[in-house]
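Undergrad: Attaching a single structure in C-alpha cells format; questions to follow.
In mature numbering (1 follows the signal peptide of the UniProt record, and there is no 0), the protein residues as written are -31 to -1, 1 to 496.
Here it is in C-alpha cells:
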C-alpha cells in the first residue's frame, strides 16, 4: 500500500530552441485537436526516415505554433518538450512542460498524441485557463518560504532543498515557492508557499507507503537475473539499470561467493531480497510483453529495493523501494507488494507524474494485479487474483483491498464527491472496482467473484490484458490534473484509439465507469 503525491517533473534550465519554446499558449483541456496538415518542411524532411517519433514530434511542434485553444495559450508561455514515448501500436505521446516568463508552471503540463505518420490525434492538458499573473517578482524571501515549509513537519527537525519560484495553477494562477522538506525518520513533503502572503497553498506527501509480507513465489528455486563479479555474484539486475536489492543500513547490493540466494525463511533479509527481486523482474517482463515498455522507467531502468525497514510498512520514495516487515517479522517481498510499489514508479515515469485526487493507489494496485496475472503461479504459491496483500495478513484480518468489492475492506465501491478527499488507500475503491469490472465483468461468469455495480447494471469484461493496455495508454496522456473523471475520459479515449475496428472495448470501459458512478465527461468519444 502506498501514499504518494503528485510529482512534478524536473524542469530543464537554460535556453530552449525556438522550435520547442513557443510564445502564446494557454492551459490544457483534453479537447481533441484536428489532423495536422502535413505541409511543414520538418514533417516532409522526416518522411520515410523510419524514425518512430520524429514525424510525431515535428507535427506536435507545428501544432504548438498554431496556438490551438485546447492548450489555453498565453502571450508569455514557453513550452518545453520532454522525452516522447512510442508504443507498438504506432502511437506516440509527446509530453510538454510549460513556463511563464521563464518561471516553471506547476499544473501547466500537457501531452500531444500523434501517430508515427505525423497525424495529430488529440491533446491532454492539465490547466483549464491561461496563466495570468500581475508580476513574477515575489514579496516573500526564499529563506522565509523555506522556514514556512519546514514548519509543515511539525515539531520534527529536517532539511529543506533550495526553494524554487514557480507558478502554481490551482484554482487560478499563484506565484509560489516550491520547497521539499524531509526528515531521516521518513516524512518527505513538497510544499507550495504563496510568494506574497506566506500562506501554504498545497503540500504533497512524497512518500508512497505499502504493507505486505513475502509471498513465497515459486516453484522454488526461482530464477533471478544477477550480475557476475570478479570474485562472486550480486543481486543486481544486469539488464535494467538501477534495479538491485540490498539491506537497509547495510549493503547497497547484496553479494555472495556463489549464485544461490536465500534460505527460504521469510524472516531472513536475503530471502526477502530473493522474493523482491523476483517480483520486480516479473513486472519488468510483463511491461515489455504487454506494453512494449522496456522497464519501470521508459528508458529501461528501474529503482533499487532495500529490505530491512524497521517498521510494519513498505513504501516508494521516488528513489527506491523500502520494504519493512509484518507483525510476525516476515519481510514484505510478495509479488503484489513489490509490484504495487514499483507501479508507483511507472506512474511517476509517465507524463504528469504520480496520479492524484484519489487515483494514486488504484493505479499501483492495477500494476500489482497485472504482474500477478503475468507471473501466473499455481495455487501453492501466489496465484493471480484481484485482492491485494492476501499473503500479508498483517493484522490477522486478511487482504488489505478487494478489487471486486472494495467495501469488504471498508473502502467505497462507488465514486462520489467525497472520494478525492479521502485517505488515499480508501480512495482507491472506485478505481479498483472499475478495473475489475472492465476486465472480468460483474456476473462471475469468468470464474472470478461476482461484483455488485452501483447502477445495478450488468457489465461484461474484456479481459485483463486489454484493460491493462487501455489503462497504460491512458497514463501516457496523463497530466498533473489526474482525477477519476479524467481517468474515465483518458481510458475511453485510449480504447477508441487502440481498438478502432471494434466498439466492444470502448463500451466495456465506459460501462465499467458507469457502474462505479464516475460521471460522463465532455469530449468522450462515441462508438
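Glycine included, each C-beta is placed from N, C-alpha and C at the ideal position.
Given this structure, state the Cα-to-Cα distance separating residue 166 from residue 242, to the nearest angstrom.
TA: Approximately 48 Å, taken between the alpha carbons.
Undergrad: Between which two residues does the alpha helix (DSSP H) holding residue 499 run?
TA: There is no way to answer for residue 499, as the model of the chain reaches only from -31 to 496.
Undergrad: Roughly how many whole angstroms lie between the Cα atoms of residue 403 and residue 457?
TA: 10 Å
Undergrad: Checking the sheet assignment: what are the DSSP bridge partners for residue 147?
TA: 133, 161
Undergrad: Residue 299 and residue 221: beta carbons closer than 8 Å?
TA: no
Undergrad: Going by CA-CA distance only, name the one from 418, 206, 369, 314 that's closest to residue 196.
TA: 206
Undergrad: Is residue 467 helix, strand or coil by DSSP?
TA: helix
Undergrad: If you draw a straight line from the alpha carbon of residue 96 to that of residue 84, how long is it in whole angstroms?
TA: 24 Å
Undergrad: Let me know if residue 416 comes out buried or exposed under the rule of 16 or more other beta-carbons within 10 Å of its beta-carbon.
TA: Residue 416 should be labelled exposed.
Undergrad: So which of 276, 233, 369, 349 has the shortest CA-CA distance to residue 305?
TA: 369
Undergrad: Flag this pair as yes or no: are the beta carbons of residue 308 and residue 342 separated by less than 8 Å?
TA: no
Undergrad: Thinking C-beta only, is residue 328 closer than 8 Å to residue 400?
TA: yes
Undergrad: Look at residue 76 and residue 450 and say whether their C-beta atoms are less than 8 Å apart.
TA: Yes, these two residues count as a Cβ contact at 8 Å.
Undergrad: Closer than 8 Å by C-beta to residue 433: which residues in its own chain qualify, once you throw out the five before and the five after it? Chain order, please.
TA: 338, 339, 342, 408, 409
Undergrad: Using DSSP's beta-bridge definition, name the partner residues of residue 68.
TA: 47, 73
Undergrad: Who are the Cβ neighbours of residue 364 in its own chain at under 7 Å, not counting the five residues just before and after it?
TA: 296
Undergrad: Which residue or residues does DSSP assign as beta-bridge partners of residue 55?
TA: 61
Undergrad: Using only the alpha-carbon positions, how far apart do residue 217 and residue 280 sit?
TA: 11 Å
Undergrad: Mapping the DSSP letters down to three states, classify residue 274 as helix, strand or coil.
TA: Correct three-state label for residue 274: strand.
Undergrad: Could you tell me whether the Cβ atoms of residue 39 and residue 94 are closer together than 8 Å?
TA: One thing to note: residue 39 has its Cβ within 8 Å of the Cβ of residue 94.
Undergrad: Classify residue 312 as buried or exposed, calling it buried when 16 or more other Cβ atoms lie within 10 Å of its own Cβ.
TA: Flag for residue 312 reads buried.
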